[in-house]
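*Asks:* 1 is the number of the first residue of the sequence shown in the UniProt record's numbering; add one for each residue after it.
Quick one: this structure, given as structure tokens, is what I'll be asking you about.
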Amino acid sequence: MKVAIVTMHVKQGKCEENVSYMKQMIQKAREEQADMIVFPQNAVSGYLLGDQWLDDDWCRYVDSFNEALLAESEDIAIVWGNIRYRNRRRFNAAFFAYRKQTHMRVKRNTPYTDDARYFEENPINSAIEFKGHVFALNFGREVQLTDININLDAAMYELDQTYSLKGNVIYANALGMQNSGKDVVVMAGGSGVRMQKKTIYQAAWFHEEMQIVDLAETREVESTQPQLLDALLLGIRDFDAQIFNRAIPWIVGMSGGLDSSVTAALLVAALGPKRVYGYNIATRHNSTTTISNAAAEAKALGIAYQEGNMETLVQASVELFHKEYGYAVEAMPSLVMENVQARSRGYLLSGFAGILGGVVVNNGNKVETALGYCTLYGDSIGALSLIGDLTKVQLFDLSKALNAHFGKEVVPLNLLPCVHEHGMDWTMPPSAELKDAQFDPMKWFYHDYLIEHLGTDLSLRSFMESYADGSIWKQDIARWMKYYHLDDPDAFLKDLEWLLTTRAKNAFKRLQLPPLLSVHKRTLANTREAQMREDRYVFEELKQRILND
């Protein structure tokens, strides 16, 4: 039996374009004498459409394409994902059609995508007999007791997630960028077939293709895993294509630090150098090393690049504060002038974007964003955050992957720490460079770990209890806790309280940040602030236990 599996680049909300492509693939499968063709979940419309699913006219329109696909099934079995809309009731379903007869399976609702807000569940599920086999329709990684499972998916790429198939299964996953609120997710593709405990087909990750697979095939192929860099590049390209029609310049503020260096390299790797414009906007606090870093990277990337100094703009703000409003800079907290500098950069970058008819890219990483170590209307601006779901430590590895991608040093190596058994050494410690001798307050590796895990797969209670009972010292993170002298309970509690307090009081900033490329199912864009309020109660309860022990 020959099955055509389509790893389809689903265009969000563009039903006619999607169905036109599906019909082309059906015809191609016919010509290659396939018995069945399988498309991904929600192949007609895309999946993450938010409250558009509450529009009855839209749902009626999307549902109408089921008849068009059913009409194609006279001589080939067709499996696809779409909604069923009847009497203002919406079901997210998988369809099997052959000779204009259909079977349907309704998807269970999942909390991450807020399915229950839009779709009803239904237990309808029947065995499908076709060409001497019994098939079952599924979603995601579900498994039923049957000859062969057909699994449709619209699975986003998740960092550090291991992807594998189980049982006898034909798996079709969607490809491309879709948007869930402020989370811009990337469907990874990677469709596959597993039969008799062997993977006999796996599609290339992040690549659209149709492959005819003979289910009697016995040769096993190597299973691979998707890579972070490929996910980010596809997300950038799709966002640029869907939102800006691949037509506008991208403006990046290049400080010569790690975050902006990675962002600039990502833009060029995804879009090419001609539409990327770099600007170094220095003050008297910027070092010659970071300025040189920015210039060297711009040259290596081959992008348009300009250097300038914004001291005149900063001093104009100082004079305005004093002459018009009576505020002397000497009496201001230093943070005020740091934010003035950051906002001045944002003002200039926005101006450059307006002049060029483009948009600014956001440079913030996950740790800085979580802790509010950014300035509203300054370095928090942008059309899209490319690295906002990645910690600083994750950027270290991404930097190396980018340099390998370009085949040369693009992201400056002097920005990466030298990690050794006793800790790490920096040539250029991370700094906002908004005042003299300034260094970032974060404890890298340790704070990265907390931001990545607290509130997701690690509760504050379990973390503090592991410190209290000593089991934390058997975990990998212990080396960094000792490096920062957090084996001292007072220092540990002081630092943890600072992190929790800083994260909670800066929640208002996160609500105003740009959309971000998401590589986790739970990101800063959808973190429940109620969890942070609960943290205070847990912290106070376990604080005394740690001190008493």
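Even for Gly, the Cβ is constructed at its ideal location relative to N, Cα and C.
Because the structure is a prediction, the values reported are computed rather than measured.
Report yes if the C-beta distance between A34 and V10 is below 8 Å; otherwise report no.
*Replies:* It is not a contact, given that the beta carbons lie outside the stated cut-off.
*Asks:* Could you give the residue range of the beta strand (DSSP E) that holds K2?
*Replies:* That run of the beta strand (DSSP E) goes K2 to T7.
*Asks:* Locate the alpha helix (DSSP H) running through T391, then write down its first and last residues.
*Replies:* No alpha helix (DSSP H) contains T391, which DSSP labels as neither H nor E.
*Asks:* Given a cut-off of 8 Å, decide if A174 and M8 are closer than it, judged by their beta-carbon atoms.
*Replies:* Against a cut-off of 8 Å, the Cβ pair of A174 and M8 comes out as a contact.
*Asks:* R219: which of L48, T199, A401 and Y373 sits nearest, CA to CA?
*Replies:* Out of L48, T199, A401 and Y373, T199 has the C-alpha closest to the C-alpha of R219.
*Asks:* Would you say the stretch 421–430 touches the stretch 271–282, given that touching needs at least three Cβ pairs under 8 Å?
*Replies:* They do not touch, by the three-pair rule.
*Asks:* Please classify Y537 as buried or exposed, where buried requires at least 16 neighbouring CB atoms within 10 angstroms.
*Replies:* Exposed, since its Cβ has fewer than 16 Cβ neighbours within 10 Å.
*Asks:* For the structure I just gave you, are there three or more beta carbon pairs, one from the stretch 135–143 and one from the stretch 202–215, closer than 8 Å?
*Replies:* Not touching, per the Cβ criterion.
*Asks:* In whole angstroms, what separates the C-alpha of V411 from that of M36?
*Replies:* Whole-angstrom Cα-Cα distance: 47 Å.
*Asks:* Taking the Cβ atom as the reference point for each residue, do P249 and G358 lie within a distance shorter than 8 Å?
*Replies:* Yes. Within cutoff.
*Asks:* Mind checking which residues open and close the alpha helix (DSSP H) that includes H322?
*Replies:* Here the alpha helix (DSSP H) through H322 covers E311 to Y325.
*Asks:* Take K443 as the anchor and find which of D549, W498 and D51 has the nearest alpha-carbon.
*Replies:* Checking every option, the nearest Cα to that of K443 belongs to W498.
*Asks:* I'd like to know if the stretch 460–480 and the stretch 370–390 are in contact, where contact means that at least 3 CB-CB pairs between them fall below 8 Å.
*Replies:* No, the stretch 460–480 is not in contact with the stretch 370–390.
*Asks:* Restricting to Cα atoms, I'd like to know which of N87, F39, V262 and A328 is closest to E209.
*Replies:* Of the candidates N87, F39, V262 and A328, the one whose C-alpha sits nearest the C-alpha of E209 is F39.
*Asks:* Since W205 sits in a beta bridge, which residues does DSSP pair it with?
*Replies:* W205 is bridged to G189.
*Asks:* Closest to H520 by CA distance: which of K543, D389, A295 and D549 is it?
*Replies:* Among K543, D389, A295 and D549, the Cα nearest to that of H520 belongs to D389.
*Asks:* Roughly how many angstroms separate the alpha carbons of G470 and I387, rounded to a whole number?
*Replies:* The straight-line gap from Cα to Cα measures roughly 34 Å.
*Asks:* In its own chain, which residues sit with a C-beta less than 6 Å from the C-beta of L415, not counting the 5 before and 5 after it?
*Replies:* Here the set comprises L258 and M428.
*Asks:* For a test of the three-state rule: what should DSSP assign to V213, helix, strand or coil?
*Replies:* Note: V213 maps to strand in three-state DSSP.
*Asks:* By the three-class DSSP mapping on this structure, what secondary structure does Y61 have?
*Replies:* Note: Y61 maps to helix in three-state DSSP.
*Asks:* In this structure, how does DSSP classify K131 when only helix, strand and coil are distinguished?
*Replies:* DSSP places K131 in coil when its eight states are reduced to three.
*Asks:* Assign M156 to one of two classes, buried (16 or more other C-beta atoms within 10 Å of its C-beta) or exposed (fewer than that).
*Replies:* Classification of M156: buried, given that the 10 Å Cβ count is 16 or more.
*Asks:* Using a threshold of 8 Å, state whether the C-beta atoms of P489 and I451 are closer than that.
*Replies:* The answer is no: Cβ separation not under 8 Å.
*Asks:* Nearest by alpha-carbon distance to R108: which of I243, R99, N92 and Q101 is it?
*Replies:* Minimum Cα distance to R108 is reached at N92.
*Asks:* Could you spell out the range, first to last residue, of the alpha helix (DSSP H) harbouring Q341?
*Replies:* S334 to L356 is the extent of the alpha helix (DSSP H) around Q341.
*Asks:* Please list, in chain order, all residues of the same chain as R105 whose beta carbon is under 6 Å from its beta carbon, the five residues on each side excluded.
*Replies:* Contacts found: A94, N125 and L137.
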